[in-house]
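If you want this note's numbering, it's the 1-based position in the sequence shown plus 23. I have placed the structure first, in the form of structure tokens, so that the comments after it can refer back to it.
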Amino acid sequence: MIVCGDDGLAHRLAHELRNVYGEEVTLVVPPSERNVRPPVVVRAAGTASALLDRMTAAVNRAAGNGTTGGSSGGEPGPHEGVLEAVELTEAVLAAAGAERAAALALVYDDDETNIRAALTARRLNPRLQLVLRLYNRRLGQHIGELLDQASALAAAADSTGDGSDGSDGGSGYPDSRSDASTTVLSDTDTAAPALAATAITGTSKVVQTAGLLLRAVERLPPAPGEVADPGLYTLALLSATSSDPAGADGSDSSGDQGPRLLPDEAAVAAATGRATVVLQQVSYAYSGTSMSGGRGWGVVSPFASLFSRRLRWSLAGMLGCVIALAVALSIATGDHPLRATYVTLLDLFAINDPARGDSVARQILQLLSGLVGLLLLPVLLAAVLEALGTFRSGSAVRKPPRGLSGHVVLLGLGKIGTRVLTRLRELNIPVVCVEADPEARGLATARRLRVPVVLGDVTQEGVLEAAKINRAEALLALTSADTTNLEAVLYGRSVRPDLRVVLRLYDDDFATAVYRTLRAAHPGATTRSRSVSHLAAPAFAGAMMGRQTQILGTIPVERRVLLFAAMRVSGHAQLEGRTVGEAFRAGAWRVLALDTGAGAVGADGRPSGLVWDLPATYVLRAEDRVVLAATRRGLAELLGRRRGERAGV
């Protein structure tokens, strides 16, 4: 397998394929002085330099051991599974072995680079399994269809040409022609739900893709004498050592006290006093029922959005004056209230005859009406200008309201921050964003969702205060600079010690170290530190194993990851011909539902092609397609290709 990239995701993915799936991997990266983009902005300070050195070493360690499938230690040698190239050209792909590779992952941070390399790779090897990292969802869908069509046409040409005798032209993969496909993934889409969920107390962990919705929720230990609702299935037992576990307590090396993924019934019954993650729902999501992140902002704006509060009070005052003058005129002249109001409006707009021969009271009221009319003109002009300005400045960012509280402060509106913002607004969570770059890609999304934004450097004094950090519920530090995220979190904790914080950090080892320190300094507050590459790599690795399996998504369980996948039972001896109960392997995988087809529609017009309440005695057939939860190593065992396939024989 070949992995090409220019940031931490490429190294993490190569490490995942080597040490979890046991694959032979060639890693293509830019030259050593460019292969790790510094995650810090300030380089003059000693702390920033030390942080960069630490992360560079960590990422180099993450590259794993060249070509040894199961080894986990050691850095690759100069010719041991690592190829350095400034640009991913056809010659570089050929040197990496694209013509005989089983799968190719293109995970550069630039969409155009990945698309260009994918087109070249498909021409070199039409049977190649392609996995692309693209931020643009719509473009990714079209590119995937285009590349799959090119593969199908090439396969048809081979079947009628020299390869019609049934051979594969020496590729070593006789059946791979029918398995060639393109999978387009986004690390931002994979990591955003996890980052959003960890910032909100009690928020469900949701995996939604390809019309399928899976919802899991974290539940606290039941009180003595109470029985916890097990949901559909218990997906994980959380660590027993802390109510807010992470770092060493929540890693793979935590032992019996750490998290246990996919436990059996005996383990769940014996784990008293431990929080759990349970599956609540498995269903088809409706394509037309996506939640809107806006608040009443459509073609016509609400009255409160058109005019400022001061102008609204001015208009109300003018209306009160008109009513008072009409009542006074009705009393003074004995006219009907409607006629008195009409006459008052004529006086107000200076279109009535002068009251020369009328009573003194009538003359005084006419003069007062004229004065009010003079005052009304600038108020009406201000109303028109404000209304026009509101529509014209619809593209301008909003400022945080004065009385805002209980909100989430989101730092950074890049790729990750924009996806997290969208997810938070789908959950109707109030958000205030902080962004230093006035040209950031996420500002358009914030304007569309009517989310307040503070433009400024978060490290400068007063910026976080403008975002109302002292009244915030949580702080998400998602900028691309680790030192900025860390500084913002430390300052936020100094303002509010119980603030819930989530950090996006470049290296997972460093994220663990930061977590331990913050938890020790603030044991009563909730802290989460996440590495985007750590959250996204398992989904990319699973997608490289073939088209028969679709990785639906991942959820983090402390410092571990649980994957959801849809796959055909055919060809998997651990599933085919076994009952659902027999196919369940604790700590590895569990069948959650039977997918009978997303196109099935019930009598009520709703999708009904998913059977989630499968009896333990149901026998899995080869033609069945199932939805399952699996650990990284469990999925690797299910999807593990035969050694002969890896050798190309």
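Virtual Cβ for every residue (Gly too), placed ideally from N, Cα, C. Everything numeric in this text was worked out from a predicted model, so none of it was measured.
7 Å or more divides the Cβ of T535 from the Cβ of R542. When the beta-carbon positions are compared, P216 and R446 come within less than 7 Å of each other. As for any alpha helix (DSSP H) of minimum length 4 sitting wholly inside the region 100-164, the runs are 113-119, 134-147, ordered along the chain. Taking all protein chains shown into account, Q152 has 16 or more neighbouring C-beta atoms within 10 Å of its C-beta and is therefore buried. Between P423 and the set Q483, Q386, E462, A495, the nearest pair of CA atoms involves A495. With a threshold of 16 other beta carbon atoms within 10 Å, W612 meets it and is buried. If you look at R613, you'll find it isn't in any alpha helix (DSSP H); it sits in the beta strand (DSSP E) that goes 612-618. Taking C-beta separations shorter than 8 Å and ignoring five residues to either side along the sequence, the partners of G396 in its chain run D370, L371, F372, A373, following chain order. By the CB criterion at 7 Å, L499 and A222 fall inside the cutoff. By the neighbour-count criterion, in which a residue is buried when 16 or more other Cβ atoms sit within 10 angstroms of its Cβ, R523 is buried. In the DSSP annotation of this structure, the continuous segment of the alpha helix (DSSP H) that includes I439 starts and ends at 438-449.
Counted as a single uninterrupted DSSP element, the beta strand (DSSP E) harbouring R553 occupies residues 550-553.
Distance from A588 to L651 at the Cβ level is roughly 6 Å; contact confirmed, criterion being Cβ atoms closer than 8 Å. In the pairwise beta carbon analysis, the region 459-478 is classified as not touching the region 388-404: fewer than three pairs are separated by under 8 Å. Short of 8 Å from the beta carbon of P53, and not among the five residues preceding or following it, lie these beta carbons of its own chain, in chain order: D29, E107, A108, V109.
For the set R385, I574, A173, the Cα lying nearest the Cα of G357 is the one of R385.
By the neighbour-count criterion, in which a residue is buried when 16 or more other Cβ atoms sit within 10 angstroms of its Cβ, I387 is exposed. Setting aside the 5 residues that flank it on each side, M341 is surrounded in the same chain by V395, L398, L399, V402, each with a C-beta closer than 8 Å to its C-beta; the list follows chain order. Spatial neighbours of V486 in its own chain (CB-CB distance under 7 Å, excluding positions within 5 residues in sequence) are listed in chain order as V457, V477, G479, D480.
With contacts defined as CB atoms closer than 7 Å, V300 and A339 fail to qualify as a contacting pair. With distances taken between CA atoms, L40 lies nearest to G565 out of Q573, A559, G565. A distance of 7 Å or more separates the beta carbons of L237 and A298. A distance below 6 Å between beta-carbons, with the five flanking residues on each side excluded, links A497 to the following residues of its chain, in chain order: A222, V431, R523. The Cβ atoms of Y529 and G167 lie no closer than 7 Å to each other. Its chain contains G31, L32, R35 as the residues whose beta carbon lies nearer than 6 Å to that of S556, once the 5 sequence neighbours on both sides are disregarded; these appear in chain order. With contacts defined as CB atoms closer than 7 Å, V642 and L617 fail to qualify as a contacting pair. The three-state reading of DSSP puts V634 in strand, counting E and B together. No Cβ-Cβ contact shorter than 7 Å links P286 with V580.
Judged by beta-carbon spacing, A659 lies within the 7 Å limit of Y44, meaning their Cβ atoms are closer than that value. By the criterion of a C-beta distance shorter than 6 Å, K438 is surrounded in its chain by Y158, T211, once the five residues flanking it on both sides are discounted.
Restricting attention to S353, S204, T619, R139, the CA atom closest to the CA of S174 is found in S204.
DSSP places L237 in the strand class (E or B) of the three-state scheme. Counted as a single uninterrupted DSSP element, the beta strand (DSSP E) harbouring E458 occupies residues 454-458. If you draw a straight line from the Cα of A121 to the Cα of L127, it comes to about 7 Å.
DSSP places L243 outside any beta strand (DSSP E), giving it a letter other than H or E. In the DSSP assignment, P475 forms a beta bridge with R421.
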